[in-house]
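>
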Amino acid sequence: MQTASIVTYDRYSLKINNERVYIWSGEFHPFRLPSPSMWTDVLEKMKSAGFNGVSIYVNWGYHSPKSGVYDYTSIRDWDLFLRTATKVGIYVIFRPGPYINAETTGGGFPGWLGSDVKSAARTCAEDYRKEWTEFLTGINKIVVPHQVHLKANGQIDGCVIMYQLDNEFSTCLDPEYMVQLREKAVADGIRVPFFHNDAWNGGNWARGKGSVDIYAFDSYPTMFGAEKPLEWKGDPASPISNFYTRQKFDAPLFLAEFQGGAMDFWN
-9 MQTASIVTYD
1 RYSLKINNER
11 VYIWSGEFHP
21 FRLPSPSMWT
31 DVLEKMKSAG
41 FNGVSIYVNW
51 GYHSPKSGVY
61 DYTSIRDWDL
71 FLRTATKVGI
81 YVIFRPGPYI
91 NAETTGGGFP
101 GWLGSDVKSA
111 ARTCAEDYRK
121 EWTEFLTGIN
131 KIVVPHQVHL
141 KANGQIDGCV
151 IMYQLDNEFS
161 TCLDPEYMVQ
171 LREKAVADGI
181 RVPFFHNDAW
191 NGGNWARGKG
201 SVDIYAFDSY
211 PTMFGAEKPL
221 EWKGDPASPI
231 SNFYTRQKFD
241 APLFLAEFQG
251 GAMDFWN
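Reminder that position 106 of the sequence shown reads as 96 in my numbering, one-by-one numbering, no gaps.
Here it is, written out as structure tokens:
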């Protein structure tokens, strides 16, 4: 694997092997479609619809029934998914958590974490760190060879172009925890740009200790109502543009979640 990523960026866009690329990505969670034979179909449909990227979460609890036990085979086979994405020709924005939210139970934390770990999660506590370190060791080992890179013949190979550290970590902040996540990923061989998805445009992890390469945030114009998708709560473009201009970021504008729908609540 290359020592430096061919994925770079400036304030205008990502660049892959020095060529500008505008990423138009949709969301797909393989753990919500536990049928690997259908993954190709989904990714091909996304590409046919005009998307050149897919954003995915890794659900920690989906892979670990108890502490120290992990399964990355069969319907949980990330190597297969990433090989499929490469074959289809679609970039992957990789979001392994450890916390993902994603409207999952416990934000993707395994059920045993709350009983086995006595300290607060999403902190630099040693008992919590021991568990997420083991989880990411397995995940990163799978991801590393799938990062976009140049082969010996000069052709571009791989599919992973960005790697997220945690998700929506916008309150009760622990900068040392973010530092640890990044150091772990780098030590494991992750070389693509790191990003974080802020729950709102609050500037969390854009600068200072624990900051990421590319700051991203959520925008949900209809909030959490899916019944009237055309009735947006004001104009989302102006405040987003104004915020980005005001911050003077040296990385491109990145909406990691721009609402395309929402959940239907139980009545």
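All C-beta atoms in this analysis are idealised placements derived from N, C-alpha and C, irrespective of residue type, glycine included.
(1) Considering only the alpha carbon of each residue, which of 30, 217, 80 and 127 lies closest to residue 13?
(2) Please report the Cβ distance between residue 16 and residue 44, rounded to the nearest whole angstrom; I am assuming they are in contact, meaning their Cβ atoms lie under 8 angstroms.
(3) Using a threshold of 8 angstroms, state whether the C-beta atoms of residue 260 and residue 194 are closer than that.
(4) Below 8 angstroms between beta carbons: does that hold for residue 180 and residue 130?
(5) Who does residue -1 pair with in a DSSP beta bridge?
(6) Taking just the CA atoms, how far does residue 40 sit from residue 127?
(7) In angstroms, rounded to a whole number, what distance separates the CA positions of residue 66 and residue 101?
(8) Please list the terminal residues of the continuous beta strand (DSSP E) segment that includes residue 205.
(9) Measuring only the C-alpha atoms, how far is residue 172 from residue 107?
(10) Taking residue 248 as part of the alpha helix (DSSP H), name the residues at either end of that continuous run.
(11) Quick one: which unbroken beta strand (DSSP E) runs of 3-plus residues sit fully inside the region 101 to 163? Chain order, please.
(12) Counting along the chain, where does the alpha helix (DSSP H) carrying residue 231 start and finish?
The structure says:
(1) Of 30, 217, 80 and 127, the residue nearest in Cα terms is 80.
(2) 6 angstroms
(3) Outside the shown range of the chain, which is -9 to 257, sits residue 260, and nothing can be said about it.
(4) yes
(5) 4
(6) 34 angstroms
(7) The straight-line gap from Cα to Cα measures roughly 17 angstroms.
(8) 204 to 209
(9) 22 angstroms
(10) Here residue 248 belongs to no alpha helix (DSSP H); instead the beta strand (DSSP E) covers 245 to 248.
(11) For the region 101 to 163, whole beta strand (DSSP E) runs of length 3 or above, ordered along the chain, are 150 to 154.
(12) The continuous alpha helix (DSSP H) containing residue 231 extends over residues 227 to 237.
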